[in-house]
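**Q** Numbering (my numbering), first residue to last: 1106 to 1456.
Backbone N, C-alpha and C fix where the C-beta goes; we use that ideal spot for every residue, glycine too.
Remember, it's a predicted structure, so these values are computed and weren't measured experimentally.
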Amino acid sequence: MKTIGYCAHDEHSELVPYTFERRELRDNDVAMEILYCGVCHSDLHTARNDWGWTAYPNVPGHEIVGRVTEIGANVTKFKVGDHVAVGCMVDSCQECEHCHSGEEQFCLEGMTQTYNSPDRINGDITFGGYSKHLIVREEFVLNVPKSLDLAKVAPLLCAGITTYSPLRTWNVGPASRIAVVGMGGLGHMAIKLAVGLGAEVTVISRSESKKADALALGAHEFLVSEDADAMALAANRFELIIDTVPVKHDLNPYTPLLNIDGTLVLVGQVGPLAEPMTPPLILGRRRIAGSLIGGIKETQEMLDFCGRMNILPECEMIRMDEINHAFERMEKSDVRYRFVIDMASLTLDAA
Ligand SMILES: [Zn+2]
Ligand SMILES: [Zn+2]
């Protein structure tokens, strides 16, 4: 199937229109027209080869909402016209212990990412959601609850599940006291989802500048990390801290805020941290952990939960041809809180 997207041709180039072929429909495939695609920090890092593993041309995008246009002969879960979603993965081995337990993101053979990964059957590098059409095997396609505003659903597929999964892993619920560090795309979803689960949520930030927004998003309290007295008063306070900061930073101000057996879970920074001090860990059996998106089953659970609770990200809608400007703004954290591309702004003749 001929389609069009936006790609980076090398690490220095801006994203430009790019015409390419989607694979022939396999018997277990779902074909969709993409309606919306969220813009994630990983898209920018991959387009610019910040992690050193980008294959070019690179078509990013892994927060995808679309409408089914065609199904393969063996597809049973979807029909033409359904509103569907695709997140960060499009395939895995389906046979290892982690795939069997519904955690395909930890597949022992490595999951196939929605973009910049070799297809498990033909080896072609996958192209993501900054495009008009997508073909994905049905096991990795999700249902979008009818109650949700389609234009705002896309960021749930990465920012949403990345923060929902640790909330569920560490059993956050009513009466849980948790904190969120960093209030960007991930952090703002962590607040909304934790509040939705009934937790008491504190946002920790370097200055007061985000306080009004944090409270408007549902947070109960706001803690300024530069305020030594306030930080000392918050010692032993939280059972879980979700750290969404996407750059190298120092965890030492945060670990003493954990209660005994509490966990600080990293979901933002992929790379080095400032040297962590061990006394808060040893003296309180506290843990530093990581978490990676979530499995397909849990992602569907998250979408259904958001459908019941009407939880949606704060979105700023852009046209496909505004993506380079959006990347620049995202680098300056100048977005409240996620860009979403309206794919109606991209037509097949744009190349
Ligand atoms: Zn992402
Ligand atoms: Zn597997």
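Give me the Cα-Cα distance between R1413 and S1252, rounded to the nearest whole angstrom.
**A** Walking along the sequence shown from the start, residue 1413 turns up at place 308. Walking along the sequence shown from the start, residue 1252 turns up at place 147. Between R1413 and S1252, the C-alpha separation is close to 8 Å.
**Q** Of the choices R1342, V1285, E1305, I1346, whose alpha-carbon is the least far from that of P1279?
**A** The residue given as residue 1279 occupies position 174 in the sequence shown. The candidate whose alpha carbon is nearest that of P1279 is E1305.
**Q** Just the residues with CB closer than 5 Å to a heavy atom of ligand 2, in chain order, which are they?
**A** S1197, C1198, C1201, C1204, C1212
**Q** Taking DSSP as the reference, what is the three-state secondary structure of C1201?
**A** Counted from its first residue, the sequence shown places residue 1201 at position 96. Coil, per DSSP.
**Q** Are there any heavy atoms of ligand 1 lying less than 7 Å away from the beta-carbon of S1147, as far as the coordinates show?
**A** Mapped onto the sequence shown, residue 1147 falls at position 42. S1147 Cβ: within cutoff of ligand 1.
**Q** Can L1328 and A1339 be called in contact, C-beta distance under 8 Å?
**A** Position 223 of the sequence shown, counted from the first residue, corresponds to residue 1328. Position 234 of the sequence shown, counted from the first residue, corresponds to residue 1339. Their beta carbons are under 8 Å apart, which means L1328 touches A1339 by this criterion.
**Q** Could you say if the region 1219-1233 and the region 1176-1188 meet the contact criterion of at least three C-beta pairs nearer than 8 Å?
**A** no
**Q** Ignoring anything shorter than 3 residues or poking outside the region 1215-1269, list the beta strand (DSSP E) runs there in chain order.
**A** 1238-1242
**Q** How would you call G1157, buried or exposed, if buried means at least 16 neighbouring beta carbons within 10 angstroms?
**A** In the sequence shown, the residue the question calls residue 1157 occupies position 52. G1157 comes out exposed.
**Q** Buried or exposed: A1379, going by 16 or more other Cβ atoms within 10 Å of its Cβ?
**A** By 1-based counting over the sequence shown, the position of residue 1379 is 274. With fewer than 16 neighbouring CB atoms inside 10 Å of its own CB, A1379 falls in the exposed class.
**Q** Rounding to the nearest angstrom, what Cα-Cα distance links A1264 and R1153 in this structure?
**A** Counting from 1 along the sequence shown, the entry for residue 1264 is found at position 159. Counting from 1 along the sequence shown, the entry for residue 1153 is found at position 48. Distance between A1264 and R1153, taken at the CA atoms: about 20 Å.
**Q** If you drop the 5 nearest sequence neighbours on each side, which residues of the same chain put their C-beta closer than 6 Å to that of L1213?
**A** Residue numbering aside, residue 1213 sits at position 108 when the sequence shown is read from its first letter. Closer than 6 Å at Cβ, skipping near neighbours: C1201.
**Q** Verify whether the separation of the beta carbon atoms of R1441 and E1421 is less than 8 Å.
**A** Mapped onto the sequence shown, residue 1441 falls at position 336. Mapped onto the sequence shown, residue 1421 falls at position 316. Yes; because the gap between Cβ atoms is below 8 Å, this pair is in contact.
**Q** Run the CB neighbour count on D1148, radius 10 Å, all protein chains shown included, and call it buried at 16 or more, exposed below.
**A** Stepping through the sequence shown from its first residue, residue 1148 is reached at position 43. By the neighbour-count rule (16 or more Cβ atoms within 10 Å), D1148 is buried.
**Q** With H, G and I counted as helix, E and B as strand and the rest as coil, what does DSSP make of F1183?
**A** For the purposes of this step, residue 1183 is taken as residue 78 along the sequence shown, with counting starting at 1. Of the three classes helix, strand and coil, the one that applies to F1183 here is coil, per DSSP.
**Q** Within 7 Å: the Cβ of C1193 and any heavy atom of ligand 1?
**A** The residue labelled residue 1193 in the question sits at position 88 within the sequence shown. Yes, the Cβ of C1193 comes within 7 Å of a heavy atom of ligand 1.
**Q** Given 7 Å as the limit, tell me if C1263 has its C-beta closer than that to any heavy atom belonging to ligand 1.
**A** Taking the first residue of the sequence shown as position 1, residue 1263 is located at position 158. For ligand 1, at least one heavy atom lies less than 7 Å from the Cβ of C1263.
**Q** Comparing the CB of H1114 with every heavy atom of ligand 1, is any distance shorter than 7 Å?
**A** Here residue 1114 refers to the residue found at position 9 of the sequence shown. Answer for H1114: no, Cβ out of range of ligand 1.
**Q** For S1270, count neighbouring C-beta atoms within 10 Å of its own C-beta (all shown protein chains included) and say buried if the count is 16 or more, exposed if not.
**A** Reading the sequence shown from its first residue, position 165 is the one you call residue 1270. Buried: at least 16 other Cβ atoms inside 10 Å.
**Q** Who are P1122's beta bridge partners in DSSP?
**A** Counted from its first residue, the sequence shown places residue 1122 at position 17. Its beta-bridge partners are Y1111.
**Q** Which residues bound the beta strand (DSSP E) around V1135?
**A** Walking along the sequence shown from the start, residue 1135 turns up at place 30. Element bounds for V1135: 1134-1143.
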